[in-house]
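In the numbering used here, the protein residues as written are 7 to 108. Just so you know, even glycine gets a beta-carbon here, dropped at the ideal spot from N, CA and C.
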């Protein structure tokens with residue numbers, strides 16, 4: 007092993023997730039690529055900074071939380087929660103399913 011005296015790995019993190027709540031809806035509001043990747047949405051994003059392309063990485067909400075189990079001496083939260091409006095079939099199974107290892 008090589009020990010250069012650096013704090014490498016002391017804040018090692020992983021993304022653990024659960025993909026268990028999926029819903030079928032009758033309104034066209036989900037973030038499906040063939041629906042949001044349009045000239046209209048692109049122009050809205052470029053000219054006004056609005057529209058579905060403003061959603062960073064598909065995460066509509068993000069929270070950093072200090073739980074009662076957090077190490078009090080750490081200066082960072084112990085939980086990060088992503089609120090994402092997609093499912094393994096959102097893009098017809100092209101990439102999200104593969105990213106999730108399904």
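- Residue 85 counts as exposed, since fewer than 16 other C-beta atoms from the protein chains shown sit within 10 angstroms of its C-beta.
- DSSP places residue 10 outside both helix and strand once states are collapsed to three, so it counts as coil.
- When secondary structure is reduced to three states using DSSP, residue 71 falls in the strand class.
- The alpha-carbon separation between residue 95 and residue 37 amounts to approximately 11 Å.
- Spanning the alpha carbons of residue 69 and residue 22 requires a straight line of approximately 14 Å.
- The beta carbons of residue 89 and residue 66 sit closer together than 7 Å.
- In the structure shown, residue 52 falls within a helical segment according to DSSP collapsed to helix, strand and coil.
- Pairing residue 91 with residue 102 gives a Cβ-Cβ distance that is not under 7 Å.
- Leaving aside the five residues that flank residue 39 on each side, the residues in its chain whose CB is nearer than 6 Å to its CB run, in chain order, 97.
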